[in-house]
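Comments concern the structure below.
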Amino acid sequence: MLRQIEALKAKLADAKARRTRLLSVLVTEDEEVQEQFVQVAAEVKELTKRLKEQEKAAASRQADPGIIVRLTTANELSGQLEEADLEKRRELRIKLSSLLRGLVERVDCRPIGPVMILKPRLEVQMKGVMPFAFRMDLGIVSMLLESSPNKDALDQFFVGLGGASGMD
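The opening position of the sequence shown corresponds to residue 6 in the numbering used here, with each subsequent residue numbered one higher.
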């Protein structure tokens with residue numbers, strides 16, 4: 006993303022320099038020069054617009070703590086619900102509800118049970134399939150979101166289920 010922004014800034018600087026050079030000869034009545042100036046001015050306008058869009062997207066990505074942090078926070082808040090007093094529990098439920106609304110697009114009912122469909126995230130733009138593992142233990146579904154899990158990580162995740170990572 007930063008490379009794209011830097012490339013756009015370089016293109017914009019070049020277009021502005023060309024516009025300035027053309028501006029000095031614009032006083033002539035040469036229609037070709039005037040047409041070039043109009044084209045370069047339109048290019049400057051388009052590049053400025055694209056640069057602002059890229060910077061806005063980069064800023065929103067930077068402000069987003071990421072899906073793993075959000076899921077971890079949701080898990081921690083969920084764990085605190087049982088121990089809290091009534092007023093604290095109410096505050097935790099509100100925080101958890103708000104956090105989940107930002108994470109979850111919908112919940113589908115499937116043969117294995119309810120499946121949470123997460124909203125597409127800006128920072129995750131993968132082609133193909135996002136690798137994950139899930140397990141069900143005592144009615145609780147756990148997910149492992151890992152871009153390149155190794156055998157040890159999977160075995161640790163499946164502890165209690167016989168280390169069934171399927172990577173033997």
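Don't be surprised by glycine CBs; every beta carbon is placed ideally from N, CA and C. If you're wondering where the values come from, they're calculated on a predicted model, not measured in any experiment.
Please name the residue in the options whose C-alpha comes closest to that of residue i.
| i | options | result |
| --- | --- | --- |
| Gln-39 | Leu-27, Glu-48, Val-49 | Leu-27 |
Measure the C-alpha to C-alpha separation of residue i and residue j and round it to an integer number of angstroms.
| i | j | result |
| --- | --- | --- |
| Lys-156 | Ala-63 | 34 Å |
| Glu-60 | Pro-116 | 43 Å |
| Leu-123 | Arg-75 | 11 Å |
| Glu-110 | Glu-96 | 23 Å |
| Thr-25 | Arg-8 | 26 Å |
| Lys-93 | Glu-58 | 41 Å |
| Ala-22 | Asp-35 | 20 Å |
| Leu-101 | Leu-91 | 15 Å |
| Thr-53 | Asp-160 | 50 Å |
| Val-112 | Val-120 | 5 Å |
| Ala-15 | Thr-33 | 29 Å |
| Pro-43 | Leu-13 | The sequence given here has Val at residue 43, not Pro. Cα-Cα distance, rounded: 20 Å. |
| Gln-41 | Leu-17 | 16 Å |
| Ser-83 | Cys-114 | 22 Å |
| Glu-51 | Val-30 | 23 Å |
| Val-129 | Asp-19 | Confidence in Val-129 is poor, its pLDDT being 49 and thus under 50, which makes the residue's placement unreliable; the coordinate value appears in the next sentence. Going by the C-alpha atoms only, they are around 32 Å apart. |
To the nearest whole angstrom, what separates the beta carbons of residue i and residue j, a pair I think is in contact under 8 Å?
| i | j | result |
| --- | --- | --- |
| Gln-56 | Ile-99 | Going by the sequence as given, residue 56 is Leu instead of Gln. Going by Cβ atoms, the distance from Leu-56 to Ile-99 rounds to 39 Å, so no, they are not a contact pair. |
So if DSSP puts residue i in a beta bridge, which residue, or which two residues, is it bridged to?
| i | result |
| --- | --- |
| Val-109 | Leu-123 |
Query raised in the report: Quick one: any contact between the segment 74 to 89 and the segment 100 to 113, if contact means 3 or more CB pairs under 8 Å?
Result: yes
Requested in this report: Check whether the segment 87 to 103 touches the segment 33 to 52, taking contact to mean three or more Cβ pairs, one atom from each stretch, closer than 8 Å.
Outcome: no
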